[in-house]
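S.K.: Just passing along the structure, written as structure tokens.
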Ligand SMILES: Cc1cc2nc3c(=O)[nH]c(=O)nc-3n(C[C@H](O)[C@H](O)[C@H](O)COP(=O)(O)OP(=O)(O)OC[C@H]3O[C@@H](n4cnc5c(N)ncnc54)[C@H](O)[C@@H]3O)c2cc1C
Ligand code: FES
Ligand code: FES
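Written out as structure tokens, the structure reads:
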């Protein structure tokens, strides 16, 4: 039971959503965009979030786009993880998404909610961070498309009231060899101890992004470069692991040392799997 | 654009094939509307955090956790949503197999597991063992009836495949 009530708004367009947000914010209503609602409902019930209005973004057609156009693959922020897995156009995204939460909850959680939410893991961001992704948002100043990597550094930098509308990647990325692995500690369905996503870019470069280590997503250009040197997969993984963040999360899921150990082995697994192709 | 003020008001939702008029606040979760407004107590409050699945119902045949949904999300005249609770199942194939395999102990998780399994049988009647496990991991049984639950659901899928019949509809 959510103790505090709020008003409920369901706009049909992104511009309507943003205008509604502004109007409610100016009126002191503390609005939030509402997508899958999993974080908003659970945090509101616990009294960790108090909003005067929720703006449900799931009726905005553009936020539910899915498909190829102009050489890019476009995906709306209000699509559920289950819908992305079912679509399957991008195997790396599907593999990462199918280890987030559990089967039923993946029908609730949206791509946008996972990227913009306060729960730090944001595992669905990893594939977009590795690919040359664009992100389209709508805010007070209108529409804006930018490189995802310029707006995401473990968390998405959104202005107050800025709506995450859609993401896109070059079509070629969908076919690039990739690898994903998630290790959990307490149960198979859990937040990550360590999640790794790896993408073999067009020019033969391997890049890697992590969730769980900090625990917000991290990546390192030095680590990616060290993966390309000479030596066996295990040697390169050990060398690259020196570029993992110096301090790793230390919590219920595992110690920092254990995370480092698991991450190093995951790197070796990723190299072996990608080079065996 | 749909806009609903805070406070109680009457709205229509479709539950177990019937249109029902319910009094609700925008902040009410489906779990509470079903239990407190409609007296459908089959959906159970467990964690109310999306973790246990005791509150699982079907929305347009898809298993959803009713503790994570605002009832207001399902109030949509342009696209009426079909909500089904365990009360709609009437000796469904999956119920028969739960009985045959003793797939419960205290029974608190049972209605959630039944709706999850019913959703699986409708959506993915050809699911293999690993897909079935992926679905079943959505719910938790504190009495750890997992072996019996898995046998019951596997048997329901196998029988419906063998009989080539419509799977498990009520
Ligand atoms: C049972 C369970 C298990 C989970 N397991 C995992 C896991 O394994 N890995 C993981 O990474 N995460 C996990 N999560 C976290 C989950 O992915 C996040 O909480 C995510 O925010 C939920 O998405 P949502 O669509 O439900 O978001 P909502 O609750 O609707 O929104 C979350 C936040 O994002 C904002 N928001 C949503 N959409 C937009 C948008 N389009 N534009 C701007 N802001 C927006 C909202 O205003 C709100 O602040 C889990 C959550 C649950 C309930
Ligand atoms: S009560 Fe809904 S998932 Fe536990
Ligand atoms: S039978 Fe008791 S919780 Fe499952």
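Chains as they are written, first to last, in our numbering: chain A, 1 to 277; chain B, 1001 to 1170. Each residue gets a CB set at the ideal place from its N, CA and C atoms; glycine is no exception. Since the model is a prediction, treat every value here as computed from it, not as a measurement.
1. For residue 1016 of chain B, decide whether its Cβ has a neighbour in chain A, counting only Cβ atoms nearer than 8 angstroms.
2. How big is the Cα-Cα spacing for residue 1100 of chain B and residue 1044 of chain B?
3. May I have a chain-ordered list of the beta strand (DSSP E) segments no shorter than 3 residues that lie completely inside the stretch 102–153 of chain A?
4. Along the chain, where does the beta strand (DSSP E) containing residue 332 of chain A start, and where does it finish?
5. Please return the same chain residues whose Cβ sits closer than 7 angstroms to the Cβ of residue 269 of chain A, not counting the five positions on each side in sequence.
6. Provide the residue span of the beta strand (DSSP E) that contains residue 175 of chain A, from first to last.
7. In the DSSP assignment, find the unbroken alpha helix (DSSP H) run with residue 1010 of chain B in it and report its ends.
8. From the DSSP output, which residues share a beta bridge with residue 10 of chain A?
9. When the cut-off is 8 angstroms and only beta carbons count, does residue 138 of chain A lie next to chain B?
10. What whole-angstrom Cβ distance do residue 92 of chain A and residue 84 of chain A have, given they're in contact under 8 angstroms?
11. Evaluate residue 1168 of chain B with the Cβ neighbour count: other Cβ atoms within 10 Å of its Cβ, from every protein chain shown; 16 or more gives buried, anything less gives exposed.
12. Since residue 45 of chain A meets chain B, which of its residues come closer than 9 angstroms, beta carbon to beta carbon?
13. Just how far apart, CA to CA, sit residue 25 of chain A and residue 18 of chain A?
14. Determine, using beta carbons only, whether residue 170 of chain A comes closer than 8 angstroms to chain B.
15. Could you give the DSSP three-state label for residue 1096 of chain B: helix, strand or coil?
16. By the criterion of Cβ-Cβ separation under 8 angstroms, what are the contact partners of residue 1026 of chain B in chain A?
17. Give a yes or no on whether the C-beta atoms belonging to residue 1003 of chain B and residue 1024 of chain B are separated by under 8 angstroms.
18. Just to check my reading of the structure: residue 199 of chain A and residue 131 of chain A have Cβ atoms closer than 8 angstroms, yes? What is that Cβ distance to the nearest angstrom?
19. Quick check on DSSP: helix, strand or coil for residue 59 of chain A?
20. Is there a C-beta anywhere in chain A that falls below 8 angstroms from the one on residue 1056 of chain B?
21. How many angstroms separate the CA atom of residue 1170 of chain B from the CA atom of residue 1018 of chain B?
22. I'd like to know whether the C-beta of residue 37 of chain A is nearer than 8 angstroms to at least one C-beta of chain B.
23. Return the residues of the stretch 1119–1149 of chain B that lie within a Cβ-Cβ distance of less than 7 angstroms from chain A, sorted by chain order.
24. Can you give me the C-alpha to C-alpha distance between residue 1161 of chain B and residue 1145 of chain B, rounded to a whole angstrom?
25. Check whether the Cβ of residue 11 of chain A lies closer than 8 angstroms to any Cβ atom in chain B.
26. On the CB-based measure, 16 or more other CB atoms within 10 Å of its CB, does residue 137 of chain A come out buried or exposed?
27. Is any non-hydrogen atom of ligand 3 found closer than 7 angstroms to the C-beta of residue 1176 of chain B, if you look at the structure I gave you?
M.R.: Judging by the given coordinates:
1. No, residue 1016 of chain B does not count as interfacial toward chain A.
2. Using only the alpha carbons, I get a separation of about 23 angstroms.
3. The qualifying runs are 134–139 and 142–147.
4. Lying before the first or after the last residue shown, residue 332 of chain A is absent from chain A, which here runs from 1 to 277.
5. 181, listed in sequence order.
6. Segment: none, residue 175 of chain A is in no beta strand (DSSP E) and carries neither H nor E.
7. Per DSSP, residue 1010 of chain B lies in no alpha helix (DSSP H); the unbroken beta strand (DSSP E) holding it starts and ends at 1009–1015.
8. Answer is B:1002, bridged to residue 10 of chain A.
9. Judged by the 8 angstroms Cβ criterion, residue 138 of chain A is not in contact with chain B.
10. About 11 angstroms separates the CB atoms of residue 92 of chain A and residue 84 of chain A; that is not less than 8 angstroms, and the two are not in contact.
11. Residue confidence is low: residue 1168 of chain B scores 48 on pLDDT, short of 50, so the model does not pin down where it sits. Its coordinate-derived value is still stated next. With 16 or more other Cβ atoms inside 10 Å of its own Cβ, residue 1168 of chain B counts as buried.
12. In chain order, 1029, 1048, 1049 and 1067 make up the part of chain B whose C-beta sits under 9 angstroms from the C-beta of residue 45 of chain A.
13. Our two residues, residue 25 of chain A and residue 18 of chain A, have alpha carbons roughly 10 angstroms apart in a direct line.
14. Closer than 8 angstroms: no.
15. Three-state DSSP puts residue 1096 of chain B in a helix.
16. Per Cβ cutoff of 8 angstroms: 5, 6, 7, 8 and 54.
17. No.
18. The beta-carbon separation of residue 199 of chain A and residue 131 of chain A, rounded to 6 angstroms, stays under the 8 angstroms limit for a contact.
19. Under the three-state reduction of DSSP, residue 59 of chain A is assigned to coil, being neither helix nor strand.
20. True, the Cβ-Cβ gap to chain A drops below 8 angstroms.
21. For residue 1170 of chain B, the predicted model reports a pLDDT of 42, less than 50, meaning its position is unreliable and no value from the coordinates is stated.
22. Yes, residue 37 of chain A counts as interfacial toward chain B.
23. Contact annotation: in the stretch 1119–1149 of chain B, residues whose CB is within less than 7 angstroms of a CB in chain A are 1134, 1135, 1137 and 1138.
24. Residue 1161 of chain B and residue 1145 of chain B: Cα-Cα distance of roughly 24 angstroms.
25. For residue 11 of chain A, the closest Cβ of chain B is nearer than 8 angstroms.
26. With 16 or more Cβ atoms within 10 Å of its Cβ, residue 137 of chain A is classed as buried.
27. Any question about residue 1176 of chain B goes unanswered here, given that chain B covers just 1001 to 1170.
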